[in-house]
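**Student:**
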Amino acid sequence: MFRNFVAILLEPLSYILFSIALLLRTTIEKRAKVKVLFIYYLIAAVSFSYAGWLVFKNQNNNWIYNLLYLPAVVAICYYFHETLYSRRNKTIVKFFIALNVIYFVVRIMLFGKLVVIDSIAYSLLSISVSFLSFVYFYQLLRNVNEYKVWANFDFWLISAYLLYFLGSFFIFLLYSNLTYNILATYTLEQRILLSVLWGVHNVLLFLSSVITLVSSLWITYRNR
Amino acid sequence: MDNLSQQVVVIIISSVFLLVVAIGIILLVFIYQKKQHLYVREKEQLKVDFEKQILESKLEIQEQTFRYISQEIHDNIGQALSLAKLTINTMTANDPQKLNEKIDSSKKLVGKAIEDLRNLSRNLNTDYITDLGLSISIENEIKILRNASQYEIEVVTEGDAYRLQHQQELIIFRIFQEALQNIIKHSRATCIAIRFCYNPGWFILEISDNGVGFDVSILNESKSRGGIGVLNMRHRANLISADITIESNPENGTVVKIKLPVNLT
Numbered sequence: 085m086f087r088n089f090v091a092i093l094l095e096p097l098s099y100i101l102f103s104i105a106l107l108l109r110t111t112i113e114k115r116a117k118v119k120v121l122f123i124y125y126l127i128a129a130v131s132f133s134y135a136g137w138l139v140f141k142n143q144n145n146n147w148i149y150n151l152l153y154l155p156a157v158v159a160i161c162y163y164f165h166e167t168l169y170s171r172r173n174k175t176i177v178k179f180f181i182a183l184n185v186i187y188f189v190v191r192i193m194l195f196g197k198l199v200v201i202d203s204i205a206y207s208l209l210s211i212s213v214s215f216l217s218f219v220y221f222y223q224l225l226r227n228v229n230e231y232k233v234w235a236n237f238d239f240w241l242i243s244a245y246l247l248y249f250l251g252s253f254f255i256f257l258l259y260s261n262l263t264y265n266i267l268a269t270y271t272l273e274q275r276i277l278l279s280v281l282w283g284v285h286n287v288l289l290f291l292s293s294v295i296t297l298v299s300s301l302w303i304t305y306r307n308r
Numbered sequence: 543m544d545n546l547s548q549q550v551v552v553i554i555i556s557s558v559f560l561l562v563v564a565i566g567i568i569l570l571v572f573i574y575q576k577k578q579h580l581y582v583r584e585k586e587q588l589k590v591d592f593e594k595q596i597l598e599s600k601l602e603i604q605e606q607t608f609r610y611i612s613q614e615i616h617d618n619i620g621q622a623l624s625l626a627k628l629t630i631n632t633m634t635a636n637d638p639q640k641l642n643e644k645i646d647s648s649k650k651l652v653g654k655a656i657e658d659l660r661n662l663s664r665n666l667n668t669d670y671i672t673d674l675g676l677s678i679s680i681e682n683e684i685k686i687l688r689n690a691s692q693y694e695i696e697v698v699t700e701g702d703a704y705r706l707q708h709q710q711e712l713i714i715f716r717i718f719q720e721a722l723q724n725i726i727k728h729s730r731a732t733c734i735a736i737r738f739c740y741n742p743g744w745f746i747l748e749i750s751d752n753g754v755g756f757d758v759s760i761l762n763e764s765k766s767r768g769g770i771g772v773l774n775m776r777h778r779a780n781l782i783s784a785d786i787t788i789e790s791n792p793e794n795g796t797v798v799k800i801k802l803p804v805n806l807t
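Quick mapping for you: the protein sequence lines, in order, are chains R and W.
Whatever position you read off the first sequence (first residue = 1), add 84 for this note's numbering.
Whatever position you read off the second sequence (first residue = 1), add 542 for this note's numbering.
Printed below as a string of structure tokens:
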């Protein structure tokens, strides 16, 4: 029961928490970057809830992950583009967007629809977001102002992204390989092991969503 | 199966490791940014304190200038004119010889008052000082002193002379005047030596005398007249970030040295 909760339900719950955090944020910050991210997380919450339901029905849900890869890239990278200041930093963001989009297009043309989760895509997304997080921290340290960093929602969101994407990097990188390795036998024990691994990923995602929601609540009510 | 479970364990350990690394990086950023923030605030506070000190110094100097004007008018100009009025009041037509003497005396007194007023005006006129430059203004002061008194005054210039900024020259000139006043009033000196040192990195003006000297420790008592005069010299020096040192020993004379860093580029 607990394993099912962690492996299946924790993921859509995390995206719901992200959506709530960003909805709260849109009440204060009217900028497009927050709205775009909110829309992505809302769609992701609905999609991954459906993905969880497909698991209960013993159906393949990997196509949802592969489908949501590109919107994730666009929404998150757009947020970074609007958060980073200098032209050089914005160019770095555009480079990562281009890299991910090119990979996505090439993958569709060469391999078509995948039956397993696209590990390379999500690993690429992890590297992109982790790198952009470091670029943001560097910008933060170069531009000291009178505002405290813990009162800055961008700091908390990007910290949450770093925890999730860096922590999940190896899981993304090796998940499809592990899945391919067990396809021949696909025993219950093997599926349980893989679900434990995916459960670790979900815990990291949940942790980052909680950080985002708590910071959003705290900053919103502190300002009031 | 064992192979798979081993792989899963390794992946989980690696993920935990990367998670710890990420937490460490975030904490480092948080702590470093907090330190930077504190540093910026301290710097701002120092700047505010310094500006307040500068303002206080400027007000103090302004007060001193008003006192100087008041003293000059009362001691010299006022006295001369009062004496002239007294002389005119005692004039009678009965004694023509005495009348002529009193007219001459009154003319001299009024002339002295006019001369004192001119000197006062010239001293207060900052354009006069900045137009001539520091070294020429000081040399003019020395000429007046040589004509009016019996001091033996030596002027030495080291290095190629250059102009300082207007405010710097004005403030150094005022400090020089203060130092000269102290020599005239207190030192009982017979010789005064003035040294200009023009160096690419700094400018030095040194005023020394062979007078009675004094105990430098009394300058720390801000309530003493000497203390107030030197305090004003220090305030003026602070305004232009110059360093002022006073060395003196009883019976060994006094040396006042003003050192100003300069940037000639």
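Glycine is no exception: its CB is placed at the ideal position from the N, C-alpha and C atoms.
How would you list, in chain order, the residues of chain W whose beta-carbon sits under 7 Å from the beta-carbon of R:V280?
**Tutor:** Stepping through the first sequence from its first residue, residue 280 of chain R is reached at position 196. Those are V550, listed as they occur along chain W.
**Student:** Give the range of the beta strand (DSSP E) segment to which R:T263 is assigned.
**Tutor:** As a working note, residue 263 of chain R is residue 179 in the first sequence. Premise fails: R:T263 lies in the alpha helix (DSSP H), 253 to 266, not in any beta strand (DSSP E).
**Student:** What's the call for R:F140, buried or exposed, on a 16-neighbour Cβ count within 10 Å?
**Tutor:** Within the first sequence, the letter at position 56 stands for residue 140 of chain R. Per the 10 Å Cβ criterion, exposed.
**Student:** Looking at chain R, which residues of the segment 556 to 572 of chain W have a Cβ within less than 8 Å of any of its Cβ atoms?
**Tutor:** S556, S557, V558, L560, L561, V563, A564, I565, I567, I568, V571, F572
**Student:** Grab me the residues of W:R767's own chain with a C-beta within less than 8 Å of its C-beta, minus the 5 sequence neighbours each way, in chain order.
**Tutor:** Taking the second sequence and counting its residues from 1, one reaches residue 767 of chain W at position 225. Confidence at W:R767 is low in this model, with a pLDDT of 49, below 50, so its placement is unreliable and no value can be given for it.
**Student:** Which of the three DSSP states, helix, strand or coil, is assigned to W:L802?
**Tutor:** Numbered from its first residue, the second sequence carries residue 802 of chain W at position 260. It is a strand residue.
**Student:** So with Cβ pairs under 8 Å, would you call W:Q709 a contact of chain R?
**Tutor:** Walking along the second sequence from the start, residue 709 of chain W turns up at place 167. No, because no Cβ of chain R sits closer than 8 Å to the Cβ of W:Q709.
**Student:** Using the rule of at least 16 other Cβ atoms within 10 Å of the residue's Cβ for burial, across every protein chain shown, is R:M85 buried or exposed?
**Tutor:** If you number the first sequence from 1, residue 85 of chain R lands on position 1. Exposed.
**Student:** Go ahead and pull the three-state DSSP assignment for W:L720.
**Tutor:** Your numbering for residue 720 of chain W matches position 178 in the second sequence. The sequence as given places Glu at residue 720 of chain W; Leu does not occur at that position. The answer is helix: DSSP assigns W:E720 an H, G or I state.
**Student:** Of the residues W:N665, W:Q707, W:L722, W:I725, which one's Cα is nearest the Cα of W:A784?
**Tutor:** Counting from 1 along the second sequence, the entry for residue 784 of chain W is found at position 242. The residue with the shortest Cα to Cα distance from W:A784 is W:Q707.
**Student:** Considering only the beta carbon of each residue, do R:F253 and R:S207 sit closer than 8 Å?
**Tutor:** Mapped onto the first sequence, residue 253 of chain R falls at position 169. Mapped onto the first sequence, residue 207 of chain R falls at position 123. Yes.
**Student:** Quick one, which of R:N265, R:L278, R:Y222, R:T263 has its alpha-carbon nearest W:L570's?
**Tutor:** Taking the first residue of the second sequence as 1, we reach residue 570 of chain W at position 28. Out of R:N265, R:L278, R:Y222, R:T263, R:Y222 has the C-alpha closest to the C-alpha of W:L570.
**Student:** Using the rule of at least 16 other Cβ atoms within 10 Å of the residue's Cβ for burial, across every protein chain shown, is R:C161 buried or exposed?
**Tutor:** By one-based count along the first sequence, residue 161 of chain R stands at place 77. Buried.
**Student:** Can you check whether the C-beta of W:R767 is within less than 8 Å of a C-beta belonging to chain R?
**Tutor:** Here residue 767 of chain W refers to the residue found at position 225 when the second sequence is read from its first residue. Residue placement at W:R767 is poorly supported in this model, since its pLDDT is 49, which falls under 50; the coordinates still yield a value, given next. Answer no: the Cβ-Cβ gap between W:R767 and chain R never drops below 8 Å.
**Student:** Check this for me: beta carbons of W:S679 and W:F738, under 8 Å apart or not?
**Tutor:** Taking the second sequence and counting its residues from 1, the one referred to as residue 679 of chain W is at position 137. Taking the second sequence and counting its residues from 1, the one referred to as residue 738 of chain W is at position 196. In this structure, W:S679 lies away from W:F738, with their beta-carbon atoms at least 8 Å apart.
**Student:** Quick check on the DSSP output: the alpha helix (DSSP H) that includes R:A205 runs from which residue to which?
**Tutor:** By one-based count along the first sequence, residue 205 of chain R stands at place 121. From DSSP, the alpha helix (DSSP H) with R:A205 extends over 203 to 226.
**Student:** Going by beta carbon distance, what residues of the same chain come within less than 6 Å of W:A626, once the five residues before and after it are set aside?
**Tutor:** Numbered from its first residue, the second sequence carries residue 626 of chain W at position 84. Cβ neighbours of W:A626 beyond the five flanking positions: S648, L651, V652.
**Student:** Only counting the same chain, and skipping five residues up and downstream in sequence, which positions put a Cβ closer than 7 Å to that of W:Q606?
**Tutor:** Here the question's residue 606 of chain W lines up with position 64 in the second sequence. Closer than 7 Å at the Cβ level, and outside the excluded window around W:Q606, lie N774.
**Student:** If contacts are defined as beta-carbon pairs under 8 Å, then W:I568 and R:L281 qualify, I think. What distance do you get, rounded to the angstrom?
**Tutor:** For this step, residue 568 of chain W is matched to residue 26 along the second sequence. For this step, residue 281 of chain R is matched to residue 197 along the first sequence. Not really, about 24 Å apart at Cβ, beyond 8 Å.
**Student:** Apart from the five residues just before and just after W:A655, which ones in its own chain have a Cβ nearer than 6 Å to its Cβ?
**Tutor:** Numbered from 1 along the second sequence, position 113 holds the residue referred to as residue 655 of chain W. Within the same chain, W:A655 has close Cβ partners I619, A622, L623.
**Student:** Does chain R have any CB closer than 8 Å to the CB of W:L546?
**Tutor:** Counting from 1 along the second sequence, the entry for residue 546 of chain W is found at position 4. Yes, W:L546 lies at the interface with chain R (some Cβ there is under 8 Å from its Cβ).
**Student:** When we look at the beta-carbon of W:L806 and count the other beta-carbons within 10 Å, is it buried (16 or more) or exposed?
**Tutor:** What you label residue 806 of chain W is simply residue 264 of the second sequence in a count that begins at 1. Label assigned to W:L806: exposed.
**Student:** If contact means a Cβ-Cβ distance below 8 Å, which residues of the segment 245 to 266 of chain R contact chain W?
**Tutor:** L246, L247, L250, G251, S252, F253, F254, I255, L258, L262, N265, I266
**Student:** Tell me whether W:G795 sits in a helix, a strand or coil according to DSSP, three-state version.
**Tutor:** The sequence position of residue 795 of chain W within the second sequence is 253, counting from 1. Of the three classes helix, strand and coil, the one that applies to W:G795 here is strand, per DSSP.
**Student:** Report the rounded CA-to-CA distance for R:F132 versus R:I148, giving the unit in angstroms.
**Tutor:** Looking up residue 132 of chain R in the first sequence gives position 48. Looking up residue 148 of chain R in the first sequence gives position 64. Rounded to whole angstroms, R:F132 to R:I148 spans 7 Å at the Cα level.
**Student:** I want to verify the contact list: residues of chain R whose CB lies under 9 Å from the CB of W:I726, in sequence order.
**Tutor:** Your numbering for residue 726 of chain W matches position 184 in the second sequence. Below the 9 Å Cβ cutoff, chain R contributes no neighbours of W:I726, its closest Cβ being approximately 53 Å away.
**Student:** Alpha helix (DSSP H) containing R:F180: first to last residue?
**Tutor:** Your numbering for residue 180 of chain R matches position 96 in the first sequence. Looking at the DSSP string, the run of the alpha helix (DSSP H) that includes R:F180 is 171 to 195.
**Student:** According to DSSP, what are the bridge partners of W:A735?
**Tutor:** If you number the second sequence from 1, residue 735 of chain W lands on position 193. In the DSSP output, where bridge partners are listed per residue, W:A735 has W:E696, W:S750.
**Student:** Return yes when the Cβ of R:L209 is within less than 8 Å of the Cβ of R:N184, no when it is not.
**Tutor:** Your numbering for residue 184 of chain R matches position 100 in the first sequence. Your numbering for residue 209 of chain R matches position 125 in the first sequence. For R:N184 and R:L209, yes; Cβs fall inside 8 Å.
**Student:** Below 8 Å, how does it come out for the segment 85 to 96 of chain R and the segment 271 to 288 of chain R: are there three or more Cβ pairs, yes or no?
**Tutor:** yes
**Student:** Which value, in whole angstroms, describes the spacing of the CA atoms of W:V698 and W:E789?
**Tutor:** To locate residue 698 of chain W, count along the second sequence from 1; it is residue 156. To locate residue 789 of chain W, count along the second sequence from 1; it is residue 247. The straight-line gap from Cα to Cα measures roughly 19 Å.
**Student:** According to DSSP, is W:S783 helix, strand or coil?
**Tutor:** As a working mapping, residue 783 of chain W is identified with position 241 in the second sequence. Residue state, collapsed to three classes: coil.
**Student:** Which residues in chain R sit within 8 Å of W:Y574, going by Cβ to Cβ distance?
**Tutor:** In the second sequence, the residue the question calls residue 574 of chain W occupies position 32. L225, listed in chain order.
**Student:** Once the 5 residues before and after R:L247 are set aside, which same chain residues still bring their CB inside 6 Å of it?
**Tutor:** Locating residue 247 of chain R in the first sequence gives position 163, counting from the first residue. Hits under 6 Å: S292.
**Student:** Just verifying my parser: in three-state terms, what is the DSSP assignment at W:R767?
**Tutor:** The residue labelled residue 767 of chain W in the question sits at position 225 within the second sequence. Confidence at W:R767 is low in this model, with a pLDDT of 49, below 50, so the placement of that residue is unreliable and no value is reported for it.
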